[in-house]
RNA sequence: GCCCGAAUGGCGGAACUGGUAGACGCAAGGGACUUAAAAUCCCUCGGCCUCUGGCUGUGCGAGUUCGAUUCUCGCUUCGGGCACCA
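Residue numbers (this note's numbering): 13 to 846.
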């Protein structure tokens, strides 16, 4: 070896990463089209909001996605792996106001910066498909979808009580209110009456619920959360005649079996019937004061705390058609106008809320469902009984089991034409109006003469004006821009006004995954052929915080786009991986806590490959990842060791050669075996549950075996031939390539100058080669490990049992006692029971 | 309040279908190399004891089993979701 060659070549990650990134970019290595014989695979990570810089959560998310993409390419798939920007939204607008710049400028500058950061991570995206949702070329199609939904009756306008976030100056959808606070700024949300546009997601409630059963590739947790959010209840809707007035009060109940136990009625303070009940009512003033107070309290307290039950008698009564009883009507603070009918039949004996209310106002408690072996006496009950049982005091239904009685009572109500079976959902329509500038304009026009008119499709896009204008009051910024809103009515050509609210940014992210399949298509929102080729997304990866919000909206949009004829799938994401958060010092990384690690600093110090490797190694993807700077160094050390090994064994590895099983010495056999065991383990870890942490540790084990067998240490038994070293190194490089692509590409090119690693196939393991020729059998006496035996793999049970019973250490514990039984577990252990 | 998930060394985490608990990495301690340091390499590393051996140990308490981190029941703590949903 010449002096020159002896000199150590350093792992210069900076040069290496730059080199391969340039190559991938200039060759467009990861560009894909439908023009391929390979089977398609669509892997997608949730696209980022261009907030300024990428954070560790992005690194983790995109590293996971990139491993999947690169792995699937090695497995021979034609992989679609796109990236884009969820670029409408409040932070851009707020930053623009603060820095006196324009949201578009702020956004596009951030996109440029972050795109560069993502490129530095070596992520294998098809950059030709990049989209930014704030681009009119994107939101034009969204506006068209909106109009098509409008024509189908899936969009409507209404004035209703909405969630208003004062600090964000806008309305929020129900899904965006988290424990009574704004999902973005954590401020308490207040109730306001406002006019806005809604998507009829409730039309799809049943399908959204049913199709959850199809999502076997989703975490159970997410499916359960969506199921609870949709909140289906089945029961009876039933009318009660108001005594002395020609009005009916309609209620919804899931417990029709308790209808004979009704002792009063509760209605929401906002209930429309209340006006009628107050007519000529001697206590009108008192009741009005009460309801006004409750409504205000509700607005202020939001729905965080459960307040004490409160109510007021209206002085009116209802007739229970089932038994003719007259029961008082109360206004109660716990009845929600937005759920069911806004009125509840109160059965204090069998509903805890009604029970508390009845106790407070001294109302009758009448048990009608008696559980087995108990006796219920209204006055003596301490809480409501919600168990099933036998009906009592219930007219002709007395004696019936409560479960059976539910349907019989519904049937009875139906026959009397006073009610019917009813399904109620917790899910409510999606309010999409936002009183902000930086969003897609809602393409509608208000004409005083013709009413609401959709913008004709050939006039799309309705683009945002360049000038944002200023924020005044609670009014939308666009509302102060006559140049924007002044228009002509498409119908009568008279003067008209444009809608000045913009769309919720969750609308953009509800269909971007479909637009990626034909991002430059200019005829319609989606190219049907492309969409049907690529969709559904085979693997979707992102944070669990979108378990309801984005994932529910995307499912809804997929079904709508299907019904509009654009898609032929029912569900957008076949498999979903929800990755955990990146934690430091016990809490989520955030500027306010000052525990942020900047990925760019890490890339500078250790390189992208080390950064990626650590984010994959420290924890399985679904768990939270505790940040550990020392752990990053460990990953760097691991790569450096491989780097040095490959450099110093370059000739050996390049020489390669075919492995001849018969001629292998024991060290070679050991390495050969470990190589195949590792291929098997890594492949299974990725295929089964994306547990890259154990996949990486398996490769570490293989490398440890390789280096200890080949270096001049005590463990070195025999010389390793180049064939097994080459096999081990080649395997290590391909197995690690999805995780540390630049590193592996570089080392591959130094030992196999004629090819690039991208052209390689994923290695296959040979089950025979992976098989151990010696087994360690554990000898237990009464379930406790007492000895271990090295035996040939093909030993039969009888001789093994003999060996175990004669084992010196085992004999010591058998100690002359009678052997009751010997339990043999194939290739694992012998348990001697004495 | 209801629903779901988790708990394993000093730390992050392994352990297939009930079968050697602690893989892999980090930290720590000791050693080699070096004038020295860094880097690198080697060894030790759950706890306890009478230490070539033994006892004990996977949040706590029971149970099933020849055998339980794994299964069942009852708790504790932490995390997440929903929260007057009739």
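Where is the CB? At the ideal position from N, CA and C, for every residue including glycine.
When we look at the beta-carbon of residue 128 and count the other beta-carbons within 10 Å, is it buried (16 or more) or exposed?
Against the first chain, residue 128 aligns to sequence position 116. Exposed is the call here.
Residue 421 to residue 837, Cα distance in whole Å?
On the first chain, position 409 is the one that residue 421 refers to. On the first chain, position 825 is the one that residue 837 refers to. Answer to the nearest angstrom: the Cα atoms are 60 Å apart.
Tell me, please, which residues DSSP counts as bridged to residue 208.
By 1-based counting over the first chain, the position of residue 208 is 196. DSSP output for residue 208 lists 170 as bridge partner(s).
The alpha helix (DSSP H) with residue 646 in it runs from where to where?
Taking the first residue of the first chain as 1, we reach residue 646 at position 634. Start and end: 641-660.
On a Cα-Cα basis, can you pick out the residue from 229, 247, 225 that is closest to residue 239?
For the purposes of this step, residue 239 is identified with residue 227 of the first chain, where counting begins at 1. Residue 225 is the option with its Cα nearest to residue 239.
Specify, as a first and last residue, the run of the alpha helix (DSSP H) that residue 624 falls within.
On the first chain, position 612 is the one that residue 624 refers to. Residue range 620-629 is occupied by the alpha helix (DSSP H) that includes residue 624.
Any idea what DSSP makes of residue 280, helix, strand or coil?
Counting from 1 along the first chain, the entry for residue 280 is found at position 268. Of the three classes helix, strand and coil, the one that applies to residue 280 here is coil, per DSSP.
Is the separation between the beta-carbon of residue 769 and that of residue 777 shorter than 8 Å?
Here residue 769 corresponds to residue number 757 of the first chain, with the count starting at 1. Here residue 777 corresponds to residue number 765 of the first chain, with the count starting at 1. Not in contact: residue 769 and residue 777 (Cβ atoms no closer than 8 Å).
Kindly indicate which residue of 170, 588, 812 has the alpha-carbon position closest to the one of residue 205.
What you label residue 205 is simply residue 193 of the first chain in a count that begins at 1. Nearest of 170, 588, 812 to residue 205, Cα basis: 170.
Taking only runs of the alpha helix (DSSP H) that begin and end inside the region 767-843, which ones reach a length of at least 4 residues, in chain order?
779-782, 809-817, 820-826
Cα separation between residue 650 and residue 622?
Counting from 1 along the first chain, the entry for residue 650 is found at position 638. Counting from 1 along the first chain, the entry for residue 622 is found at position 610. Taking C-alpha positions only, residue 650 is separated from residue 622 by approximately 9 Å.
Quick check on the DSSP output: what are the complete beta strand (DSSP E) runs of length 3 or more inside the region 187-234, in order along the chain?
202-211
Inter-residue CB distance, residue 510 and residue 457 (contact presumed, cutoff 8 Å):
On the first chain, position 498 is the one that residue 510 refers to. On the first chain, position 445 is the one that residue 457 refers to. Yes, they are in contact, since the Cβ atoms of residue 510 and residue 457 sit about 6 Å apart, within 8 Å.
C-alpha distance - residue 538 paired with residue 91, whole-angstrom precision:
Numbered from its first residue, the first chain carries residue 538 at position 526. Numbered from its first residue, the first chain carries residue 91 at position 79. Cα to Cα, residue 538 sits roughly 19 Å from residue 91.
State the CB to CB distance for the pair residue 682 and residue 721, rounded to an integer number of angstroms; the pair is presumed to be in contact (CB under 8 Å).
Locating residue 682 in the first chain gives position 670, where the first residue counts as 1. Locating residue 721 in the first chain gives position 709, where the first residue counts as 1. At roughly 7 Å, the Cβ-Cβ gap stays under 8 Å, so residue 682 and residue 721 are in contact.
May I ask you to report which of helix, strand or coil DSSP gives residue 145?
Within the first chain, residue 145 is the residue found at index 133, counting from 1. Of the three classes helix, strand and coil, the one that applies to residue 145 here is coil, per DSSP.
Note down, in chain order, each residue of its chain lying with its Cβ closer than 6 Å to the Cβ of residue 433, except the 5 sequence neighbours on either side.
For this step, residue 433 is matched to residue 421 along the first chain. If we look at residue 433 and ignore the five residues flanking it on each side, its Cβ neighbours are 422.
Counting pairs of beta carbons, one from the region 103-111 and one from the region 75-86, are three or more of them closer than 8 Å?
no
Let's see if you can read the secondary structure: which residues bound the alpha helix (DSSP H) around residue 497?
Looking up residue 497 in the first chain gives position 485. Per DSSP, residue 497 belongs to the alpha helix (DSSP H) from 494-497.
Bridge-paired residues (DSSP) for residue 445:
Taking the first chain and counting its residues from 1, one reaches residue 445 at position 433. Beta-bridge pairing links residue 445 to 515.
With DSSP run on the structure shown, which of helix, strand or coil describes residue 581?
The residue labelled residue 581 in the question sits at position 569 within the first chain. In the three-state scheme derived from DSSP, where H, G and I count as helix and E and B as strand, residue 581 is classed as coil.
Alpha carbon to alpha carbon, what distance is there between residue 473 and residue 148?
As a first step, residue 148 is located in the first chain; it is residue number 136 there, counting from the start. As a first step, residue 473 is located in the first chain; it is residue number 461 there, counting from the start. Rounded to whole angstroms, residue 148 to residue 473 spans 7 Å at the Cα level.
Could you pull out every residue in the same chain whose Cβ sits closer than 6 Å to the Cβ of residue 727, ignoring the five residues on either side in sequence?
Indexing the first chain from 1 puts residue 727 at position 715. Interpretation of residue 727 is limited by its pLDDT of 49, a score under 50 that renders its predicted location unreliable; the figure taken from the coordinates is listed afterwards. Result list for residue 727: 720, in chain order.
Does the beta-carbon of residue 579 have 16 or more other beta-carbons within 10 angstroms, so that it is buried, or is it exposed?
Within the first chain, residue 579 is the residue found at index 567, counting from 1. Counting Cβ neighbours within 10 Å, residue 579 comes out buried, since at least 16 surround it.
Starting from residue 746, follow the beta strand (DSSP E) in both directions and report where the run begins and ends.
Residue mapping note: residue 746 aligns to position 734 of the first chain, counting from 1. No beta strand (DSSP E) holds residue 746; the alpha helix (DSSP H) holding it covers 734-748.
7 Å Cβ shell around residue 455 - same chain, five flanking residues per side excluded
As a working note, residue 455 is residue 443 in the first chain. Hits under 7 Å: 155, 158, 159, 466, 467, 472, 474.
Own chain partners of residue 494 with C-beta closer than 7 Å, once the 5 adjacent residues on each side are dropped
For this step, residue 494 is matched to residue 482 along the first chain. Cβ neighbours of residue 494 within its own chain (closer than 7 Å, five residues either side excluded): none.
For the alpha helix (DSSP H) containing residue 471, list its first residue and its last residue.
Taking the first residue of the first chain as position 1, residue 471 is located at position 459. Careful: residue 471 lies outside any alpha helix (DSSP H) and carries neither H nor E.
Could you tell me the boundaries of the alpha helix (DSSP H) in which residue 692 lies?
Position 680 of the first chain, counted from the first residue, corresponds to residue 692. Following the DSSP letters along the chain, one finds residue 692 inside the alpha helix (DSSP H) bounded by residues 678-701.
Report buried or exposed for residue 40, applying the criterion of at least 16 other Cβ atoms within 10 angstroms of its Cβ.
Here residue 40 corresponds to residue number 28 of the first chain, with the count starting at 1. Exposed, by the Cβ-count rule.
Helix, strand or coil: how does DSSP classify residue 672 here?
To locate residue 672, count along the first chain from 1; it is residue 660. The answer is coil: DSSP assigns residue 672 none of H, G, I, E or B.
Could you give the residue range of the alpha helix (DSSP H) that holds residue 572?
Translated into the one-based positions of the first chain, residue 572 becomes position 560. 561-575 is the span of the alpha helix (DSSP H), which, as asked, contains residue 572.
So for residue 182, helix, strand or coil by DSSP?
Within the first chain, the letter at position 170 stands for residue 182. Residue 182 falls in the strand class under three-state DSSP.
Option nearest residue 184 by Cα separation, candidates 547, 767, 447
Translated into positions along the first chain, residue 184 becomes position 172. Selected option, being the one with the closest Cα: 447.
Taking all protein chains shown into account, decide if residue 77 is buried (16 or more other Cβ within 10 angstroms of its Cβ) or exposed.
The residue labelled residue 77 in the question sits at position 65 within the first chain. Using a 10 angstroms sphere on the CB of residue 77, the tally of other CB atoms reaches 16 or more, which defines it as buried.
Is it buried or exposed for residue 96, if we count other Cβ within 10 angstroms and need 16 for buried?
For the purposes of this step, residue 96 is identified with residue 84 of the first chain, where counting begins at 1. The residue is buried, with at least 16 neighbouring Cβ atoms inside 10 Å.
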